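Report on the following structure.
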Amino acid sequence: MLNGIVFDIKKYSINDGPGIRTTIFLKGCPLRCWWCHNPESQASQPQVIFRPNRCDLCGACLEACEHSALSWGLNGPLTDRAVCESCGACAQVCYAEARQLVGRQMSLPEVMAEIKQDIPFYDESGGGVTLSGGEPLFQKEFSLEILKACHKQDIHTVLDTCGYASWQIIEQAVPFVDLFLYDLKVIDAGKHKQYTGLSNECILVNLQGLSRLGVNVLVRIPVIPGVNDDDQEMQQIGEFLSALPNPPPLELLAYHNIAAAKYAGLDTEYALPDLKPPAFEHIQTLAARLRGFDLSVKA
Numbered sequence: 000m001l002n003g004i005v006f007d008i009k010k011y012s013i014n015d016g017p018g019i020r021t022t023i024f025l026k027g028c029p030l031r032c033w034w035c036h037n038p039e040s041q042a043s044q045p046q047v048i049f050r051p052n053r054c055d056l057c058g059a060c061l062e063a064c065e066h067s068a069l070s071w072g073l074n075g076p077l078t079d080r081a082v083c084e085s086c087g088a089c090a091q092v093c094y095a096e097a098r099q100l101v102g103r104q105m106s107l108p109e110v111m112a113e114i115k116q117d118i119p120f121y122d123e124s125g126g127g128v129t130l131s132g133g134e135p136l137f138q139k140e141f142s143l144e145i146l147k148a149c150h151k152q153d154i155h156t157v158l159d160t161c162g163y164a165s166w167q168i169i170e171q172a173v174p175f176v177d178l179f180l181y182d183l184k185v186i187d188a189g190k191h192k193q194y195t196g197l198s199n200e201c202i203l204v205n206l207q208g209l210s211r212l213g214v215n216v217l218v219r220i221p222v223i224p225g226v227n228d229d230d231q232e233m234q235q236i237g238e239f240l241s242a243l244p245n246p247p248p249l250e251l252l253a254y255h256n257i258a259a260a261k262y263a264g265l266d267t268e269y270a271l272p273d274l275k276p277p278a279f280e281h282i283q284t285l286a287a288r289l290r291g292f293d294l295s296v297k298a
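Numbering that gives the first Met the number 0 puts the first residue of the sequence shown at 0, with every later residue one more than the last.
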């Protein structure tokens, strides 16, 4: 039986497509965006996240760990990530929920059972299911089976993707996706590799391919101050999108820094600790700039 690694299921979501939705968050992503607000989604396997503000210093986690990955520090238990097997034994005995195993293996029937509970809300609101992550196409077989199963139930589907996949994978998903939420971060190739770790060539090529097919796409651009909010980048984005066979609508999403605690909980460095969210007025200025390319822009 085909299984996948799911790190969250968010019900009653209203920001991941039309209507009330169930968003399935899948582990694994090829990109390492400096501003990623779900760092727990990047690794493909489960991880233990630690929230020190919840810890009551009971020591149960140290006793439960069979790999000697935990030790006492000055302010509480410390995790040696090089030794930790992410087995979750520490999280199982942490009644304060300071330790949590992020990611669990689920089968297709288990995921569909969660989805089917919310069908009345989809019918009432015009909602459905959104696959997100991470990058859902990182688990391509599992994602495709979920999308197919939803379509068999006449459930509206959204794929929230960064577009980093082969065209073959994208094309296989097309018949079962009602709306693509397509993350577009940077057009400049060098800058994209600097801030995400990988080239954006296939991302741009895949977006061109989807546009040629005429499928429903909403491009979403995270506005990251100092990275992609200058006039040159807006010019490149506007030129690229307006030149597509079927220019898609787009939405500007303001960067936020609420994920800093997640990075600390994973013992991972946050690349942008001092970056402030962009001002509302700045977002509106960028939107007006893009509308100058005859694009439909929400901000």
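Yeah, the Cβ is synthetic: ideal placement off N, Cα and C, and Gly gets one too. Note that the structure is a prediction, hence the values are computed from the model and not measured.
Ser198 and Pro29 have their C-alpha atoms roughly 11 Å apart.
With contacts defined as CB atoms closer than 9 Å, Gly16 and Leu136 fail to qualify as a contacting pair. Membership of Ala164 in any alpha helix (DSSP H) is not indicated, and neither H nor E is assigned to it by DSSP. The bridge partners DSSP lists for His155 are Gly127. Distance from the Cα of Ile118 is smallest, within the candidate group Leu178, Glu280, Asp230, His150, for His150. The Cβ neighbour count for Tyr11, taken over all protein chains shown within 10 Å, is under 16; the residue is labelled exposed. Annotated as proximal: Gly27 and Gly133, with beta-carbon spacing under 9 Å. Taking the Cβ atoms as the reference, Phe49 lies roughly 6 Å from Ala97, within the contact range of under 8 Å. By the Cβ neighbour-count rule, Ser165 is exposed, with fewer than 16 other Cβ atoms within 10 Å of its own.
About 7 Å separates the Cβ atoms of Leu251 and Val296, confirming a contact at the 8 Å cut-off. Taken through DSSP and simplified to helix, strand or coil, Val218 comes out as strand. In the displayed model, Glu280 falls within a helix according to three-state DSSP. Between Gly291 and Gly237, the gap from beta carbon to beta carbon is short of 9 Å. Counted as a single uninterrupted DSSP element, the beta strand (DSSP E) harbouring Phe179 occupies residues 178-182. Secondary structure remark: continuous beta strand (DSSP E) runs of at least 3 residues inside the segment 0-53, in chain order: 2-12, 20-25, 46-49. Cβ contact annotation for Leu178 (same chain, cutoff 7 Å, sequence separation greater than five): Gly16, Val157, Asn215, Leu217, in chain order. The alpha-carbon separation between Gln171 and Tyr163 amounts to approximately 14 Å. Counting only residues of its own chain and dropping the five nearest sequence neighbours on each side, Leu294 has a CB closer than 7 Å to the CB of Gly237, Leu240, Ser241, Pro246, Leu249. As the crow flies, the alpha-carbon of Ser85 is around 29 Å from that of Leu146. Rounded to the nearest angstrom, the Cβ distance from Ser142 to Leu25 is 7 Å, consistent with a contact under 8 Å. Looking from the CA of Arg103, the closest CA among Gln152, Asp79, Gln44 belongs to Gln44. Under the criterion of beta carbons closer than 8 Å, Ala68 and Cys93 do not qualify as touching, at roughly 14 Å. About 6 Å separates the beta carbon of Leu61 from that of Pro76, a gap short enough to meet the 8 Å contact definition. Within the segment 70-109, the runs of alpha helix (DSSP H) that reach at least 4 residues and sit entirely inside it are, in chain order, 88-91. If you check the CB distance, Val128 and Ile23 come in under 9 Å. When secondary structure is reduced to three states using DSSP, Val173 falls in the helix class. Scanning Cys57, Cys54, Ile4, Ile8 for the CA closest to the CA of Gln41 turns up Ile4. Apart from sequence neighbours up to five positions away, the residues of its chain that approach Arg211 with a beta-carbon distance below 6 Å are Pro244, ordered along the chain.
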